[in-house]
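Colleague: Per the working numbering, the sequence shown runs over residues -2 to 342.
Even for Gly, the Cβ is constructed at its ideal location relative to N, Cα and C.
Sharing a structure, written as structure tokens. Questions coming.
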Amino acid sequence: MSDLSKTPVTIITGFLGAGKTTLISHLIRNAGGRRLAVVVNEFGTVGVDGEILKSCAIPDCPAENIVELSNGCICCTVADDFIPTVEALLKLDPKPDHIVIETSGLALPKPLLKAFDWPAIRSRITVDGVIALADAEAVAAGRFAPDVAAVDAQRAADDSIDHETPLSEVFEDQIACADLVLLTKPDLAGPEGVARARDIIAAEAPRPLPVIEVSEGVVDVAVLLGLEAGAEDDLAARPSHHDGHHDHEHDDFDTIMLELGEISDPDEFAKRIMHLADAQHILRIKGYAAVRGKPMRLLVQAVGARVRHQFDRPWKADEPRITRLVVIAEHDHVNEAAIRAALGD
-2 MSDLSKTPVT IITGFLGAGK TTLISHLIRN AGGRRLAVVV NEFGTVGVDG
48 EILKSCAIPD CPAENIVELS NGCICCTVAD DFIPTVEALL KLDPKPDHIV
98 IETSGLALPK PLLKAFDWPA IRSRITVDGV IALADAEAVA AGRFAPDVAA
148 VDAQRAADDS IDHETPLSEV FEDQIACADL VLLTKPDLAG PEGVARARDI
198 IAAEAPRPLP VIEVSEGVVD VAVLLGLEAG AEDDLAARPS HHDGHHDHEH
248 DDFDTIMLEL GEISDPDEFA KRIMHLADAQ HILRIKGYAA VRGKPMRLLV
298 QAVGARVRHQ FDRPWKADEP RITRLVVIAE HDHVNEAAIR AALGD
């Protein structure tokens, strides 16, 4: 007899650098015997997140069960990429017990939820839950979720302000679609920042949502999997700024891929990235750097002016020792020549 039960799917969303890959790495290692498959959506062409996750592969989540979609936002490429990918995963033998989808930081979750109504997959999968990660420090500072009262007051005082910022819309859509919010990096925010972030999330959420503080992606997997939300059947309770639109665009953001030579000093390189965040409003930089005289590859991940870097593995013999970075910013804030000049060694 064929198995008529639906395969549960968990969608992990959240803004750039909120900690989605760290969370999924923990989930892979602590799946409690579940056989997982993971779909990673990169915004850009350097497959950083997918490679990090594949390095975590274990028997219950082998590398062939980790699929990377890197040619556009998953919510904009449903027919071309997402549906065929899910169909391929469902044909694996053995079939995954649970599928985890990591969206890009700029993805809107609701269009992705609507894709689960496609006839090709609707009878075979269900959305167990949508989990939104929110960077406590960033939210508390109002970078991605502005104070609604303050924005309304400013709008009332200035007739030229007739729209919210693109970043706030992305954040609000992610919160509105969530079944669970994970507040990451609470140590950086401090108690007052965490309290402020919780207040902002509560104000943005269309319904009461559980909010859990998480450090370094460590959370009981039983909290993440098994929510049984059936989110694809609950779209009306998940409002979006783009409801009523046939599609949406990411023209509010620019993404470029840089290839540079070797760098001499990782700490100095990090300082240059920090300066770019202020000088050109760069939102996110991630990729790899080749450090002169070092056999190890340097993993670089930056959210605004917060930069993290570490040597992750030796360079392979057939790999060119070059620095490759994806740079993401709001539209018109990317000056490729200036960025190259600032980061070039």
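Within 8 angstroms, do at least three Cβ pairs link the segment 91 to 102 to the segment 2 to 16?
Modeller: yes
Colleague: Per DSSP, what are the beta-bridge partners of G126 in this structure?
Modeller: T7
Colleague: Please report how far the alpha carbon of D114 lies from the alpha carbon of Y285, in whole angstroms.
Modeller: 38 angstroms
Colleague: How would you call K313, buried or exposed, if buried means at least 16 neighbouring beta carbons within 10 angstroms?
Modeller: exposed
Colleague: In terms of residue numbering, what span does the alpha helix (DSSP H) encompassing E99 cover?
Modeller: Per DSSP, E99 belongs to no alpha helix (DSSP H); it is in the beta strand (DSSP E), H95 to E99.
Colleague: Taking the DSSP output, what are the residues bridged to R294?
Modeller: A287 and R310
Colleague: Less than 7 angstroms separating the beta-carbons of K17 and L110?
Modeller: no
Colleague: Whole angstroms is fine: what's the gap from A117's alpha carbon to T123's?
Modeller: 13 angstroms
Colleague: I need the DSSP call for H160, collapsed to helix, strand or coil.
Modeller: Summary for H160: the model assigns pLDDT 32, below 50, so the residue's position carries little reliability, and this model does not support an answer.
Colleague: With a CB to CB cut of under 7 angstroms and the five nearest residues on each side skipped, what residues in its chain are close to V208?
Modeller: V178, L180, R195 and I198
Colleague: Does the segment 226 to 239 come close enough to the segment 24 to 32 that 3 or more CB-CB pairs lie under 8 angstroms?
Modeller: no
Colleague: So for V300, helix, strand or coil by DSSP?
Modeller: strand
Colleague: Name the residue from L340, S237 and K291 whose alpha carbon lies nearest to the alpha carbon of I282.
Modeller: L340
Colleague: For A338, which residues in the same chain have their Cβ closer than 6 angstroms to its Cβ, ignoring the five residues on either side in sequence?
Modeller: none
Colleague: CB E259 to CB A287, shorter than 7 angstroms?
Modeller: Yes, Cβ-Cβ distance for E259 and A287 is below 7 angstroms.
Colleague: Does DSSP put V191 in a helix, a strand or coil?
Modeller: Of the three classes helix, strand and coil, the one that applies to V191 here is helix, per DSSP.
Colleague: With a Cβ-Cβ cutoff of 7 angstroms, do P5 and D125 count as a contact?
Modeller: yes
Colleague: Drop a sphere of 10 angstroms on the beta-carbon of R294, count the other beta-carbons inside from all chains shown, and report buried for 16 or more, exposed for fewer.
Modeller: buried
Colleague: Using a Cβ-Cβ cut-off of 8 angstroms (strictly less than) and excluding sequence neighbours within five positions of I80, which residues of its own chain qualify?
Modeller: Contacts found: A112, W115, A117 and I118.
Colleague: In its own chain, which residues sit with a C-beta less than 7 angstroms from the C-beta of A186, not counting the 5 before and 5 after it?
Modeller: Correct list, in chain order: A133, E134, A137 and A194.
Colleague: Would you report the Cα separation of V215 and L221, rounded to the nearest angstrom?
Modeller: 11 angstroms
Colleague: Assuming V304 contacts T252 (C-beta within less than 8 angstroms), just tell me the rounded distance between them.
Modeller: Between T252 and V304 the Cβ distance is about 18 angstroms, and since that is not below 8 angstroms, they are no contact.
Colleague: Per the DSSP calculation, V208 is bridged to which residue(s)?
Modeller: V208 is bridged to V178.
Colleague: Given C174, which residues of its chain have a CB within under 6 angstroms of its CB, disregarding the five upstream and five downstream residues?
Modeller: P106, K107, V127 and R235
Colleague: Give me the Cβ distance between V35 and I21, rounded to the nearest whole Å; I'm assuming they're in contact under 8 angstroms.
Modeller: 6 angstroms
Colleague: Within 10 Å of its beta-carbon, does S2 have 16 or more other beta-carbons around it, so buried, or fewer, so exposed?
Modeller: exposed
Colleague: Using the rule of at least 16 other Cβ atoms within 10 Å of the residue's Cβ for burial, across every protein chain shown, is H23 buried or exposed?
Modeller: buried
Colleague: Quick check on L87: does DSSP put it in helix, strand or coil?
Modeller: helix
Colleague: Roughly how many whole angstroms lie between the Cα atoms of A147 and L87?
Modeller: Reliability fails at A147, whose pLDDT of 36 lies under 50, so the model's placement of it is uncertain and no value is given.
Colleague: Go through its chain and collect everything with a Cβ distance to R121's Cβ below 8 angstroms, but skip five positions before and after it.
Modeller: K3, T4 and L87
Colleague: DSSP three-state label for V324, please.
Modeller: strand
Colleague: Would you tell me roughly how many angstroms separate the C-alpha atoms of P93 and V211, rounded to the nearest one?
Modeller: 26 angstroms
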